[in-house]
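A.B. asks: Submitted below is the structure of interest, expressed as structure tokens.
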Amino acid sequence: MLRIRKFEWKIILALLMTAAAPLVITVFLVERLVEESMAVGVNERVLSGLEAGVDLYKEAIESRIKIVRLQGQALAQDATFQEAVEKGELEKARQRIESLVTGNSSVGRVRVLAGDGVVLEEKSPREFPGNRYKSKTEEWDLPDGHRLEVTFVIGKSFLAASDQLRELVLTLDNVRENFQPWTIGYYRLFLFIYVWILVAAVVMGLLLSRSVTRRVADLFRATRQAAKGDLNARVPVRSRDEIGSLSESFNRMMDEIQRGRDRIVYLEKISSWQEIARRLAHEIKNPLTPIQLAVQELHRSYRGEDPQFLSKLNDSVEIVVEEVGTLRRMVETFSEFAKMPEVQAVPVELNAFVAEFVKHSPHISSRVEFKPGPHLVGVRLDKDMMRRVLTNLVTNGLEAGEPDGVVRLEVERGDGWGTLRVIDHGAGLSRENRDRIFQPYFTTKRDGTGLGLAIVKKIVLQHGGEISMEDGEASGTIFTVRLRTDDASSYPY
Amino acid sequence: MSGMRFNTMLFSGLAVLCLTAPAFAQVKVEKSYKRDMGLAWREGRLELSMDFPEAFTQRLRKRLYNGFTSRILIEALLKEQKKKTPVAQAIVQYTILYDIWEEEFNIRHETPEGRRDLQVSSLAELIGTCAKLERLPLQCMVELPPGTKYQLRVRIVVNPLSAELRKKVREYLSNPNGSSHIGSPRSFFGSFSKIFVDEKAFQADAVYTYRSPKKILPAKSGPE
């Protein structure tokens, strides 16, 4: 079942309101328009005129009948005509009949009939075919049983025109008499169309709003997930409009939050390890000198002649001194780790910084490849600390590769970040080791302290940046350090 | 006022407007008369006799003479006192057409039993024929018990709108130009008029209603 979201309802209602707002005015206008347009064709003037036309037709027909009737009657009562018929002087009678026939177009035929029905005289101006003319006949008595028969004719088209006009009057009269049902009919049709327009507006609104609301709903869902603590919540970015930008911003915000949380967790962990390192350094460092001095004093104090014992003593003292030395170096590393200074960041152009690093590191410069990137990359960093980062990463890379292998450095800019890549061609790391590589005291080297990369990561994080490691294209590993960029145009090089 | 409430009101208003649109039609005033009508049993049939010359107004007479076809529908209902269902009824329709050329009125008299045509030559004869009922048999639907009071109601409808005329009006509105060419444009509304126009709301030229006083029927006579 189609589920309509609240936001969609609002969009639909907005569209409906937009579509329905003109309704009140339109309803009024339609009502006026219907009434006025109907009144143009159907009004008292038109009907009166048409009815007058009907009257005229009627009068015309009646007049024709009346005239023919009067003329027939006059002829029948004419003494001369009667005498001519009575005496059989048909020539005289014919002249009178002819004048009747030719003098009136509505006379179709005139006959004089004898008492026994024999036609004595007949005059017809022309043929009046029954399909085109309607006729009727009237008779008048003449002396001696004779009769005068006059046939009236009228064109059927004339009668048909009369009927048509009458029908038109009837129709218009009906429209006028039933004006309201017709007007209401128009009104209903308008409402019917309007309702469908509103339905179409709803459907269109639903379809149009769906693409927007779906993305808003995604965003809403993701924010709720985030509110519940799920920092992996992300929104698919489907377009480049405002909602797309909002989604991107949300995703960036979540990335930042996640990075921030990881940074905090990591720094807290490192802080704990630093405290441990500081205590260890303190506890181990103090007895080392007495141990070494004591052993050396023991060696000096021996006056015996036993060569076998002396040999053992020499070996033992050497071992103790060496191990104390190792422990001292370790303690120094621990101390160094425990007492890492605060970052004193200054504006630096990253290409220039890396180039300077390579130039001032003669022991490694011959095995480092660096070609500055095409863009200036302005960042803020603590030069000393970041040199240490580079030294550590480059040294690790060189140690991981062939004795004559090289490490490549790359700098680039993008998405508000300056990126520094340290690419070696060593054997690479297993996935298991890769996950633990930045953990303090984890090392794959035989004589490593496991603090180098932990220190590197802490420094990078203290700079507000991030560090990651991935496999190289062919072999080896790529360490990527990312620092927030600044406007580099005014930075010292 | 919130948007939701405003919309609810707007659509409610629209719905009411759609539903009540037919109610805007004015109801034509019918003329009513109280008249004593002749009601009698003859040969087992209940017969009605009355006249209604009022129906033949000057306007109707003029229209008749001008050749307009006119119809007069007569409905007679006999109702038992205080009951709505009629116990006897009759229906008659006169269709009158004056033939101007022939100068005579052609009258068609129709009842459920059949029809007959007749001609009269004058208006007086026409009124004498059509403006009165002479021994019109009422169709009894139940046995009418004697001693009960009844009331007779006769409704005369002058020119009720016929289906034929309705069709002509619809055709006129959908094709006002009267063009008979194939593909000639028809008016948009006229094409939908059958759907949207409530033709039941159409009115006749005039309606006259006659009511008799309530009274007890005369005694039944003649063969059962």
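Chains W and P are the protein sequences, given in the same order.
Sequential numbering from 1 applies to the first sequence in my numbering.
Sequential numbering from 1001 applies to the second sequence in my numbering.
Here a beta-carbon is modelled for each residue, glycine too, at the ideal position from N, C-alpha and C.
None of the values given here were measured: they were computed from a predicted structure.
Please report the distance separating the alpha-carbon of P:ARG1115 from that of W:ARG96.
C.D. replies: Stepping through the second sequence from its first residue, residue 1115 of chain P is reached at position 115. Stepping through the first sequence from its first residue, residue 96 of chain W is reached at position 96. Approximately 48 Å between the Cα atoms of the pair.
A.B. asks: Give me the residue from P:SER1122, P:GLN1081, P:LYS1082, P:PRO1086 with the minimum Cα distance to P:ASP1099.
C.D. replies: On the second sequence, residue 1099 of chain P is found 99 positions in, with the first residue counted as 1. Out of P:SER1122, P:GLN1081, P:LYS1082, P:PRO1086, P:SER1122 has the C-alpha closest to the C-alpha of P:ASP1099.
A.B. asks: Straight-line CA distance for W:ARG484 to W:ALA222?
C.D. replies: Sequence index remark: in the first sequence, residue 484 of chain W carries index 484 (1-based). Sequence index remark: in the first sequence, residue 222 of chain W carries index 222 (1-based). Roughly 26 Å between the two C-alpha positions.
A.B. asks: When you check each C-beta in the segment 171-183 of chain W against every C-beta of chain P, which residues fall closer than 7 Å?
C.D. replies: THR171, ASN174, VAL175, GLU177, ASN178, GLN180, PRO181, TRP182
A.B. asks: When you compare the CB of P:TYR1208 with every CB in chain W, is at least one pair closer than 8 Å?
C.D. replies: Locating residue 1208 of chain P in the second sequence gives position 208, where the first residue counts as 1. With 8 Å as the cut-off, P:TYR1208 does not count as an interface residue toward chain W.
A.B. asks: Using a beta-carbon distance cut-off of less than 8 Å, what residues from the segment 1094-1118 of chain P approach chain W?
C.D. replies: ILE1100, TRP1101, GLU1102, GLU1103
A.B. asks: Report the residue from W:LYS285, W:ALA400, W:LEU56, W:HIS282 whose alpha carbon sits nearest the alpha carbon of W:LEU159.
C.D. replies: Translated into the one-based positions of the first sequence, residue 159 of chain W becomes position 159. Residue W:LEU56 is the option with its Cα nearest to W:LEU159.
A.B. asks: Between the segment 1057-1085 of chain P and chain W, which residues of the former have a C-beta closer than 7 Å to a C-beta of the latter?
C.D. replies: ASN1066, GLY1067, PHE1068
A.B. asks: On the DSSP letters alone, give me the boundaries of the beta strand (DSSP E) that P:TRP1101 sits inside.
C.D. replies: What you label residue 1101 of chain P is simply residue 101 of the second sequence in a count that begins at 1. Looking at the DSSP string, P:TRP1101 is not in any beta strand (DSSP E), and its letter there is neither H nor E.
A.B. asks: For P:ASN1106, which of helix, strand or coil comes out of DSSP?
C.D. replies: Numbered from its first residue, the second sequence carries residue 1106 of chain P at position 106. Strand, per DSSP.
A.B. asks: On the three-state DSSP scale, how would you describe P:ALA1206?
C.D. replies: Here residue 1206 of chain P refers to the residue found at position 206 when the second sequence is read from its first residue. Note: P:ALA1206 maps to strand in three-state DSSP.
A.B. asks: Using C-beta distances below 6 Å, list every residue in its chain close to W:LEU453, excluding the 5 sequence neighbours before and after it, in chain order.
C.D. replies: In the first sequence, counting from the first residue as 1, residue 453 of chain W sits at position 453. For W:LEU453, where only same-chain residues beyond five positions count, the Cβ hits under 6 Å are ILE437, PHE438.
A.B. asks: Count the other C-beta atoms from every protein chain shown that fall within 10 angstroms of the C-beta of W:ILE25, then say buried if there are 16 or more, exposed otherwise.
C.D. replies: In the first sequence, counting from the first residue as 1, residue 25 of chain W sits at position 25. Exposed, since its Cβ has fewer than 16 Cβ neighbours within 10 Å.
A.B. asks: Can you find a CB in chain P that lies within less than 8 Å of the CB of W:LYS58?
C.D. replies: Taking the first residue of the first sequence as position 1, residue 58 of chain W is located at position 58. It does; some Cβ of chain P falls within 8 Å.
A.B. asks: Residues bridged to P:GLN1119 by DSSP?
C.D. replies: By 1-based counting over the second sequence, the position of residue 1119 of chain P is 119. Partner(s): P:ASN1106.
A.B. asks: Keeping to the same chain, check which residues put their C-beta closer than 8 Å to that of P:ILE1216; ignore five residues upstream and five downstream.
C.D. replies: As a working mapping, residue 1216 of chain P is identified with position 216 in the second sequence. Hits under 8 Å: PRO1146, GLY1147, THR1148, LYS1149, TYR1150.
A.B. asks: What's the C-alpha gap between W:GLY418 and W:SER211?
C.D. replies: If you number the first sequence from 1, residue 418 of chain W lands on position 418. If you number the first sequence from 1, residue 211 of chain W lands on position 211. Those two C-alpha atoms are separated by around 36 Å.
A.B. asks: Which one of P:LEU1077, P:GLY1038, P:VAL1157 has the shortest CA to CA distance from P:VAL1142?
C.D. replies: As a position in the second sequence, residue 1142 of chain P is number 142, starting the count at 1. Nearest option by C-alpha distance: P:LEU1077.
A.B. asks: Please classify W:GLU8: is it buried, with 16 or more other beta-carbons within 10 angstroms of its beta-carbon, or exposed?
C.D. replies: For the purposes of this step, residue 8 of chain W is taken as the residue at position 8 of the first sequence. W:GLU8 comes out buried.
A.B. asks: Does any residue of chain P bring its CB to less than 8 Å from the CB of W:VAL110?
C.D. replies: Taking the first residue of the first sequence as position 1, residue 110 of chain W is located at position 110. No, because no Cβ of chain P sits closer than 8 Å to the Cβ of W:VAL110.
A.B. asks: With distances taken Cα to Cα, identify the nearest neighbour of P:LYS1034 among P:THR1085, P:LEU1144, P:ALA1124, P:ARG1155.
C.D. replies: Your numbering for residue 1034 of chain P matches position 34 in the second sequence. Comparing Cα-Cα distances from P:LYS1034 to each of P:THR1085, P:LEU1144, P:ALA1124, P:ARG1155, the minimum goes to P:ARG1155.
A.B. asks: Could you compute how far the alpha carbon of P:CYS1018 sits from the alpha carbon of P:GLN1119?
C.D. replies: The residue you call residue 1018 of chain P lines up with position 18 of the second sequence. The residue you call residue 1119 of chain P lines up with position 119 of the second sequence. Caution applies to P:CYS1018, whose pLDDT of 45 falls short of 50 and renders its modelled position unreliable; the value that the coordinates give is listed next. One C-alpha to the other measures close to 49 Å.
A.B. asks: So, with DSSP's three-state summary, where would you put W:ILE437?
C.D. replies: To locate residue 437 of chain W, count along the first sequence from 1; it is residue 437. Residue state, collapsed to three classes: coil.
A.B. asks: How should W:ASN232 be labelled, buried or exposed, when 16 other C-beta atoms within 10 angstroms of its C-beta is the threshold for buried?
C.D. replies: Within the first sequence, residue 232 of chain W is the residue found at index 232, counting from 1. Counting C-beta atoms within 10 angstroms of its own C-beta, W:ASN232 has fewer than 16 neighbours from the protein chains shown and is therefore classed as exposed.
A.B. asks: Which residues in the same chain as W:VAL354 place their Cβ atom closer than 8 Å to its Cβ, once the five residues preceding and following it in sequence are excluded?
C.D. replies: Within the first sequence, numbered from 1, the residue matching residue 354 of chain W stands at position 354. Excluding positions up to five away in sequence, the list reads PHE370, PRO372, LEU390, LEU409, VAL411, LEU420.
A.B. asks: Provide the residue(s) that pair with P:LEU1046 in DSSP beta bridges, ordered along the chain.
C.D. replies: Here residue 1046 of chain P refers to the residue found at position 46 when the second sequence is read from its first residue. P:LEU1046 is bridged to P:TRP1041, P:LEU1138.
A.B. asks: Roughly how far, in whole angstroms, is the beta-carbon of P:GLU1054 from the beta-carbon of P:LEU1136, given that I think they are within contact range, below 8 Å?
C.D. replies: Position 54 of the second sequence holds residue 1054 of chain P. Position 136 of the second sequence holds residue 1136 of chain P. Actually they do not touch by this definition, with Cβ atoms about 18 Å apart.
A.B. asks: Helix, strand or coil for P:GLN1244 per DSSP?
C.D. replies: The question about residue 1244 of chain P has no answer, for chain P in this structure spans 1001 to 1224.
A.B. asks: Give me the Cβ distance between W:MET385 and W:ILE270, rounded to the nearest whole Å; I'm assuming they're in contact under 8 Å.
C.D. replies: The residue given as residue 385 of chain W occupies position 385 in the first sequence. The residue given as residue 270 of chain W occupies position 270 in the first sequence. In fact, because the Cβ distance is near 14 Å, the residues do not count as touching under 8 Å.
A.B. asks: Using 10 angstroms around the beta-carbon of W:LEU495, count the other beta-carbons present and answer buried if the total reaches 16, otherwise exposed.
C.D. replies: Missing from the structure shown is residue 495 of chain W; chain W here goes from 1 to 493 and no further.
A.B. asks: Taking Cβ-Cβ distances below 9 Å as the criterion, which residues of the segment 143-171 of chain W are in contact with chain P?
C.D. replies: Within the segment 143-171 of chain W, the residues whose Cβ lies closer than 9 Å to any Cβ of chain P are, in chain order, PHE152, ILE154, LEU159, SER162, ASP163, ARG166, GLU167, LEU168, VAL169, LEU170, THR171.
A.B. asks: Please list, in chain order, all residues of the same chain as W:VAL202 whose beta carbon is under 8 Å from its beta carbon, the five residues on each side excluded.
C.D. replies: Within the first sequence, the letter at position 202 stands for residue 202 of chain W. Apart from the 5 residues on each side of it in sequence, W:VAL202 sits with its Cβ closer than 8 Å to the Cβ of ILE12, LEU15, LEU16 in its chain, given in chain order.
A.B. asks: Under 8 Å, do P:TYR1210 and P:PHE1056 count as touching if we go by C-beta distance?
C.D. replies: Here residue 1210 of chain P refers to the residue found at position 210 when the second sequence is read from its first residue. Here residue 1056 of chain P refers to the residue found at position 56 when the second sequence is read from its first residue. It is not a contact, given that the beta carbons lie outside the stated cut-off.
A.B. asks: So what does DSSP say about W:PRO290, is it helix, strand or coil?
C.D. replies: Here residue 290 of chain W refers to the residue found at position 290 of the first sequence. Note: W:PRO290 maps to helix in three-state DSSP.
A.B. asks: Alpha carbons only, please: which of W:LEU142, W:THR395, W:SER124 is nearest the one belonging to W:SER135?
C.D. replies: On the first sequence, residue 135 of chain W is found 135 positions in, with the first residue counted as 1. Checking every option, the nearest Cα to that of W:SER135 belongs to W:SER124.
A.B. asks: Please list, in chain order, all residues of the same chain as P:ARG1063 whose beta carbon is under 8 Å from its beta carbon, the five residues on each side excluded.
C.D. replies: For the purposes of this step, residue 1063 of chain P is taken as the residue at position 63 of the second sequence. SER1070, listed in sequence order.
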